[in-house]
Amino acid sequence: MPSSLGRSQALYDSLTGAAYDYAVERPALARVAGRLLWSADIAVFYRPMDAIAEAPDGAVILDVPCGGGVALRRLGRGQRVRYLAVDYSPGMLERTRRVASELGLTGVEYVQADVGALPFDDASVDLCVSSAGLHCFPDPARAVAEIARCLRPGGRLVGSMAVCGTSARHDAQMALFRRTGALGPGGTQSDLEAWVRGAGLSDLQTERSGALVRFEARK
Ligand SMILES: C[S@@+](CC[C@H](N)C(=O)[O-])C[C@H]1O[C@@H](n2cnc3c(N)ncnc32)[C@H](O)[C@@H]1O
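Residue numbers in the sequence shown follow the numbering used here, run continuously in steps of one, and reach 201 at the last position.
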């Protein structure tokens, strides 16, 4: 694991990760937090996860970063998919494992990996869900390129991120979080569009609410 990841991992293995996770697992609380922190309708964060529930049997789903397993909650018990839950934080992976066990989900694989070097074959994934990850990753352009490498032709990337450049207050807040190691360099909505196009993905759709952006694209 790259040493640059150590600080952020320690943070997410600690109380901050637990507090974040507590909020996102409670949509009513997340709705308030989304408004206060990002001036956003939190639906922008949750909606991309619906793609998981719609995935057909046999699909390979990559959830990176899986964090504490919030997206996994969209997986139905009867869905016969290969679900790859990826995060570099062992603590967050352990939370995801607990969610899967509570929900009686089998067929979930837990993979500790850096999104910049995913241990999966080219063109092996049908759907990648990346919720609230791109503003945390140390190199978001590389992350999108790596996800795109793993997608099959026609495969989809869906997700959300907090973007810079929407207001001075949000930018200051992000700079503060960045200093704690919780966030990576992040980027603006235009940066997001450049990462997606640079990775060879097309049909990009975005929806912004406050400082949160929902995105989807296809390989
Ligand atoms: C804000 S959380 C989002 C987690 C989850 N998707 C959610 O929406 O609740 C960010 C996650 O990114 C993970 N992370 C940060 N950098 C990473 C990297 N380079 N590779 C893999 N995971 C990373 C952290 O461990 C943390 O679990």
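The beta carbon of each residue, even a glycine, is placed where N, CA and C say it ideally should be.
May I ask you to list the residues that DSSP assigns as paired with residue i?
i      : result
Gly137 : In DSSP, Gly137 forms no bridge with anything.
Asp69  : Gln94
Glu189 : Arg196
Ser112 : Gly141
Val107 : Leu133
With DSSP collapsed to three states, give me the class of residue i.
i       : result
Ala33   : helix
Ala199  : strand
Ile24   : coil
Ser3    : One detail in the question is off: residue 3 reads as Asp in this sequence, not Ser. Looking at Asp3 - three-state DSSP - the assignment turns out to be helix.
Ala144  : strand
Arg56   : helix
Val14   : helix
Ser184  : strand
Val63   : coil
Leu165  : coil
Arg8    : coil
Thr(-2) : helix
Leu19   : helix
Thr88   : coil
Leu75   : helix
Can you name the start and end residues of the alpha helix (DSSP H) that residue i belongs to?
i      : result
Phe159 : Ala150 to Thr162
Gln171 : Gln171 to Gly180
Cys132 : Pro122 to Cys132
For residue i, which of the options has the nearest alpha-carbon?
i       : options                           : result
Ser83   : Ala157, Gly58 and Leu100          : Gly58
Arg138  : Gly182, Val93 and Ala157          : Gly182
Thr78   : Arg56, Ala125 and Asp153          : Arg56
Leu19   : Phe102, Leu85 and Ala154          : Ala154
Leu75   : Thr88, Gly51, Gly98 and Arg64     : Gly51
Phe119  : Val63, Gly166 and Val126          : Gly166
Thr(-2) : His117, Ala164 and Asp39          : Ala164
Ile24   : Arg200, Ala199, Gly192 and Ala37  : Gly192
Glu189  : Gly180, Lys201 and Ser172         : Ser172
Ala105  : Ala15, Ala130, Val90 and Leu87    : Ala130
Arg8    : Ser21, Tyr28 and Ala37            : Tyr28
Arg160  : Arg200, Ala125, Arg179 and Leu116 : Leu116
Gly16   : Arg200, Lys201, Ala199 and Leu194 : Leu194
Gln61   : Gln187, Arg151, Leu85 and Ala95   : Leu85
Taking 9 Å as the cut-off, decide whether the C-beta atoms of residue i and residue j are in contact.
i      : j      : result
Ser149 : Gly49  : no
Ile34  : Ala53  : yes
Gly169 : Val140 : no
Val42  : Val68  : no
Ala210 : Ala123 : With the chain covering only -17 through 201, there is no way to say anything about residue 210.
Arg134 : Val26  : no
Glu91  : Leu66  : yes
Val93  : Pro101 : yes
Compare the C-beta of residue i with all C-beta atoms of chain C and state if any pair is closer than 9 Å.
i     : result
Gly86 : Of the protein chains in the structure, only one exists, and it is not chain C.
Could you check where the beta strand (DSSP E) with residue i kicks off and where it finishes?
i     : result
Asp45 : Val42 to Asp45
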